[in-house]
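Only one structure is covered here, and it is reproduced in the block below.
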Amino acid sequence: MGPATAAAEAALARRAADPLPALRRRDALPLPARLFAQLHALVPSSRCLPSALSLYALLFLSSSPPLLRPNAFTYPPLFRAAPPALALALATHSVKFLGAHAASCDRVLGAALLGVFARCGRIASCRRVFDRIAHPDLPAWNALLSAYARLRARDVACATSAADAILELFVRMLSLAIEPNEITLVAVIGACGELGAVSHGVWAHTYAVKRRLAVNCIVATALVEMYAGCGRLDLAEQVFAAASDRDTRCYNAMLHGLAVHGHGRAALSLLDRMHGAGVPVDGVTVLSVMCACAHAGLVDEGLDYFDRMEIEFGIEPRIEHYGCMIDMLSRAGRLNNAEKLIHEMLIVPNAAIYRSLIRACGIHGKLELGEKMIAELMRLEPDDSGNHVLISNFYARTNRWEDAKKARKEMKSMGIDKNPGSSLVDINGVLHEFLVGDKTHPASKEIYTMVEEIETRLIECGRRSSTSSALFDVEEEDKADTLSYHSERLAIAFALIASNPGAPIRIIKNLRVCADCHESAKLVSRVYGREIVMRDRTRFHHFRDGVCSCGDFW
Numbered sequence: 330m331g332p333a334t335a336a337a338e339a340a341l342a343r344r345a346a347d348p349l350p351a352l353r354r355r356d357a358l359p360l361p362a363r364l365f366a367q368l369h370a371l372v373p374s375s376r377c378l379p380s381a382l383s384l385y386a387l388l389f390l391s392s393s394p395p396l397l398r399p400n401a402f403t404y405p406p407l408f409r410a411a412p413p414a415l416a417l418a419l420a421t422h423s424v425k426f427l428g429a430h431a432a433s434c435d436r437v438l439g440a441a442l443l444g445v446f447a448r449c450g451r452i453a454s455c456r457r458v459f460d461r462i463a464h465p466d467l468p469a470w471n472a473l474l475s476a477y478a479r480l481r482a483r484d485v486a487c488a489t490s491a492a493d494a495i496l497e498l499f500v501r502m503l504s505l506a507i508e509p510n511e512i513t514l515v516a517v518i519g520a521c522g523e524l525g526a527v528s529h530g531v532w533a534h535t536y537a538v539k540r541r542l543a544v545n546c547i548v549a550t551a552l553v554e555m556y557a558g559c560g561r562l563d564l565a566e567q568v569f570a571a572a573s574d575r576d577t578r579c580y581n582a583m584l585h586g587l588a589v590h591g592h593g594r595a596a597l598s599l600l601d602r603m604h605g606a607g608v609p610v611d612g613v614t615v616l617s618v619m620c621a622c623a624h625a626g627l628v629d630e631g632l633d634y635f636d637r638m639e640i641e642f643g644i645e646p647r648i649e650h651y652g653c654m655i656d657m658l659s660r661a662g663r664l665n666n667a668e669k670l671i672h673e674m675l676i677v678p679n680a681a682i683y684r685s686l687i688r689a690c691g692i693h694g695k696l697e698l699g700e701k702m703i704a705e706l707m708r709l710e711p712d713d714s715g716n717h718v719l720i721s722n723f724y725a726r727t728n729r730w731e732d733a734k735k736a737r738k739e740m741k742s743m744g745i746d747k748n749p750g751s752s753l754v755d756i757n758g759v760l761h762e763f764l765v766g767d768k769t770h771p772a773s774k775e776i777y778t779m780v781e782e783i784e785t786r787l788i789e790c791g792r793r794s795s796t797s798s799a800l801f802d803v804e805e806e807d808k809a810d811t812l813s814y815h816s817e818r819l820a821i822a823f824a825l826i827a828s829n830p831g832a833p834i835r836i837i838k839n840l841r842v843c844a845d846c847h848e849s850a851k852l853v854s855r856v857y858g859r860e861i862v863m864r865d866r867t868r869f870h871h872f873r874d875g876v877c878s879c880g881d882f883w
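Counting from 330, one number per residue, gives the positions in the sequence shown under this note's numbering.
Dropping the structure here:
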């Protein structure tokens with residue numbers, strides 16, 4: 330039981346000890362049945378929640394055995410009126426009083442319990458309740474899908490698995506002839522964006538149009554996010570332009586899409602339109618515009634919006650805004666300005682801020698400043714695997730191979746595993762995932778043959794692998810092999826085999842693309858005449874005719 334839930338339980342216990350003032354005297358106590366009816370009359374309104382909770386505590390918690398036993402109609406209104414922590418405590422009580430299988434007998438109670446557990450992020454409890462319902466209806470399906478959607482949005486580490494679960498559940502739902510509505514589609518469309526499953530997203534969009542479901546502002550925002558997240562910024566812009574009731578979230582989705590695709594000037598223009606239309610600007614709006622400036626190399630413009638956000642928009646900078654500014658300054662080589670901003674911050678710097686500066690110090694050869702930032706990073710997150718890899722890579726870039734090797738050894742001695750690089754590619758509506766050096770794919774033999782062919786053709790064009798990108802103290806030939814089998818190289822090789830000639834190759838990568846794979850993708854786009862759209866952890870890269878949209882600034 331978490332602290333919030335424990336506090337909610339304690340609040341209910343206090344109400345049991347001190348019920349409604351009008352009911353404190355024993356001779357004024359009405360019949361329990363009348364109290365029960367009064368409880369059901371109070372709970373639909375959140376304004377009456379304190380009185381309803383006092384009655385609830387009096388009826389069910391003040392004595393043993395309780396005056397009355399609740400039924401399936403008692404809890405759903407209470408769940409709706411109560412804040413999350415209190416609703417979770419009430420959900421626990423409902424299981425205690427009604428039994429774990431009560432939700433399977435009453436659809437309203439089942440959907441209400443699913444809603445509580447979804448709101449509180451209890452995905453395992455949500456799934457248990459759902460699995461007990463013999464024939465779940467649309468509200469039950471939507472509650473479970475929404476629970477996974479919240480998990481995807483809240484926890485980056487679980488985002489991909491949650492998106493997979495949403496699509497799997499959606500397929501099951503359709504197979505049972507349960508017709509989705511707008512709530513369903515928002516969850517599904519979001520999952521498609523997470524996975525880069527553009528063909529699934531287009532299907533969901535088409536389904537909504539054909540079934541004449543309301544493509545309201547919420548659905549339109551989900552579609553904008555999905556298309557932008559799948560690399561189809563053109564379709565995102567079409568949906569955005571067609572939306573009639575655009576609110577702040579809808580504008581933010583389009584601004585973020587422009588940002589990650591490197592369209593800085595377009596983002597600045599859209600912000601002016603948003604401001605002119607009288608749509609309120611919030612912290613996410615400013616952050617998206619600053620990120621757009623960062624990805625487009627518009628450092629002075631980004632600094633200008635950072636300086637104006639509090640004065641002009643009344644928005645106090647949060648840690649994300651500072652992080653974006655420091656990342657922007659660092660990648661532009663203005664490391665002294667980045668360090669100065671860290672010292673001037675009104676908020677305690679987090680690990681992400683130190684990581685940005687360490688990465689830039691490695692690129693620009695600033696050993697002393699980099700080591701200073703490493704000390705701060707390790708003070709905050711000594712056990713994070715990504716930090717140890719970053720430190721090893723920092724020393725490798727500055728040709729301090731012994732220190733790089735020491736960082737790797739410390740990582741292994743502490744039992745810390747590096748998160749493996751993975752890439753997803755959508756071929757004819759089927760998602761294929763590859764890990765570094767992956768040989769589990771059914772077409773593995775053909776893929777590796779294609780990898781060798783690609784490398785041969787690129788070498789004929791005069792290219793030589795930048796083996797420093799492997800960042801391991803191994804032989805040059807081994808480094809080149811490591812680079813050749815990075816997950817995005819395998820995904821590109823498979824796409825060249827399996828996709829239609831001339832079709833764009835769309836890849837989603839969980840890590841930042843390394844410099845060598847970036848250079849390789851540029852050349853593949855020219856040699857093979859294929860557009861490659863790659864989303865890494867930082868931004869989108871559009872490779873066409875040997876050039877990347879990022880301008881080698883990422």
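We put the CB at the ideal spot given by N, CA and C, even for glycine.
C-alpha distance - G591 paired with L524, whole-angstrom precision: Straight-line measurement puts the Cα of L524 at about 20 Å from the Cα of G591.
Taking the continuous beta strand (DSSP E) assigned at F869, which residues delimit it? In the DSSP annotation of this structure, the continuous segment of the beta strand (DSSP E) that includes F869 starts and ends at 869–873.
Can you check which of these residues, L382, S714, M502, L503, is closest to R409 by C-alpha distance? The shortest C-alpha separation from R409 is found at L382.
Roughly how many whole angstroms lie between the Cα atoms of R868 and W883? Each residue's Cα considered, the two are about 8 Å apart.
Quick one: Cα of I776 to Cα of R561, how far? Those two C-alpha atoms are separated by around 26 Å.
Less than 8 Å between the CB atoms is what I'm expecting for C579 and C620, so what's the real figure, rounded? Distance from C579 to C620 at the Cβ level is roughly 17 Å; contact not present, criterion being Cβ atoms closer than 8 Å.
Start-to-end residues for the alpha helix (DSSP H) that takes in L415: 413–427 is the span of the alpha helix (DSSP H), which, as asked, contains L415.
Between N839 and the rest of its own chain, which residues show a CB-CB distance below 6 Å, the 5 nearest in sequence each way excluded? The beta carbon of N839 sits closer than 6 Å to those of S751, all from its chain and outside the five residues before and after it, given in chain order.
Exposed or buried, which one is G694 when buried takes at least 16 other CB atoms within 10 Å? Exposed, because fewer than 16 other Cβ atoms sit within 10 Å of the Cβ of G694.
Sequence-distant residues of the same chain with beta carbon closer than 7 Å to R841, five excluded per side: Here R841 has D865, R866, T867 as same chain residues with Cβ atoms under 7 Å from its own Cβ, once five neighbours each way along the sequence are excluded.
Going residue by residue through the stretch 484–555, where are the continuous alpha helix (DSSP H) segments of at least 4 residues, counting only ones entirely within it? The stretch 484–555 contains these whole alpha helix (DSSP H) runs: 488–504, 511–524, 527–539.
What is the DSSP secondary structure of R409, reduced to helix, strand or coil? DSSP, reduced to helix, strand and coil, places R409 within a helical segment of the structure shown.
Quick one: residues in its chain with C-beta nearer than 8 Å to the C-beta of V862, no 5 flanking neighbours on either side, listed in chain order? Only G560, P833, I834, R835, I836, F869, H870, H871, F872 meet the Cβ criterion.
Sequence-distant residues of the same chain with beta carbon closer than 6 Å to D435, five excluded per side: Cβ neighbours of D435 beyond the five flanking positions: A401.
So the beta strand (DSSP E) L840 belongs to, where does it begin and stop? Counting along the chain, L840 falls outside any beta strand (DSSP E), and DSSP gives it neither H nor E.
With 16 other Cβ atoms within 10 Å as the buried cut-off, status of R354: With a pLDDT of 35 at R354, under the threshold of 50, the modelled position of that residue is not reliable, and the figure given next carries that caveat. Taking a 10 Å sphere around the C-beta of R354, we find fewer than 16 other C-beta atoms and assign the residue as exposed.
L760 - partner residues in DSSP beta bridges: Answer is D755, bridged to L760.
When we look at the beta-carbon of L480 and count the other beta-carbons within 10 Å, is it buried (16 or more) or exposed? Counting Cβ neighbours within 10 Å, L480 comes out buried, since at least 16 surround it.
Report all residues from its chain with a CB closer than 8 Å to the CB of E860; omit the five preceding and five following residues, and keep chain order. Close CB contacts of E860 within its chain, under the 8 Å cut and outside five residues either way in sequence, are with P833, I834, S854, H871, F872, R873 (chain order).
Indicate whether the contact test is met: 3 or more Cβ pairs, each with one atom in the stretch 524–543 and one in the stretch 815–834, closer than 8 Å. Judged by Cβ distances under 8 Å, the stretch 524–543 makes no contact with the stretch 815–834, as fewer than three pairs qualify.
Anyone know if the C-beta pair for G691 and R737 falls short of 7 Å? The answer is no: Cβ separation not under 7 Å.
C-alpha gap between H761 and A537, whole angstroms: Near 26 Å, if we compare the C-alpha coordinates of A537 and H761.
Quick check: what's the CA-CA separation for V568 versus T535? C-alpha of V568 to C-alpha of T535: approximately 12 Å in a straight line.
Under 7 Å Cβ to Cβ from T550, same chain only, skipping five residues before and after it: list those, please. Within the same chain, Cβ atoms closer than 7 Å to the Cβ of T550 are found at R578, C579, A582, the five residues on either side in sequence being excluded.
Please identify the residue among W470, A478, A411 whose C-alpha is closest to the C-alpha of V445. Out of W470, A478, A411, A411 has the C-alpha closest to the C-alpha of V445.
Alpha-carbon to alpha-carbon, G643 and F823: Whole-angstrom Cα-Cα distance: 50 Å.
Between V548, G558, G586, L584, which lies nearest to S573 when the distance is taken from Cα to Cα? Looking at the Cα atoms, V548 is the closest of the given residues.
Could you check if C790 is buried or exposed, using at least 16 other CB atoms within 10 Å of its CB as the buried criterion? In summary, C790 is exposed, with fewer than 16 beta-carbon neighbours lying within 10 Å of its beta-carbon over all protein chains present.
V856, enclosing beta strand (DSSP E) - first and last residue: Element bounds for V856: not the beta strand (DSSP E) but the alpha helix (DSSP H), 844–856.
Might you give, ordered along the chain, the residues of its own chain that have their beta carbon closer than 7 Å to the beta carbon of T613, omitting 5 neighbours on each side? A quick correction: the sequence has Val, not Thr, at residue 613. If we look at V613 and ignore the five residues flanking it on each side, its Cβ neighbours are N581.
Where the alpha helix (DSSP H) through V862 begins and ends: From DSSP, V862 is part of no alpha helix (DSSP H) but of the beta strand (DSSP E) over 861–864.
Buried or exposed (CB count within 10 angstroms, at least 16 for buried), H430: Per the 10 Å Cβ criterion, exposed.
Is there at least one non-hydrogen atom of the ligand ZN closer than 6 Å to the beta-carbon of I452? With respect to the ligand ZN, the structure shown offers nothing to examine, as it has no ligands at all.
Contacts around P440, its chain only, beta-carbon distance under 6 Å, and the 5 residues preceding and following it disregarded: Going by the sequence as given, residue 440 is Ala instead of Pro. Result list for A440: P468, A469, A472, in chain order.
For C877: DSSP bridge partner residues: C877 is bridged to F872.
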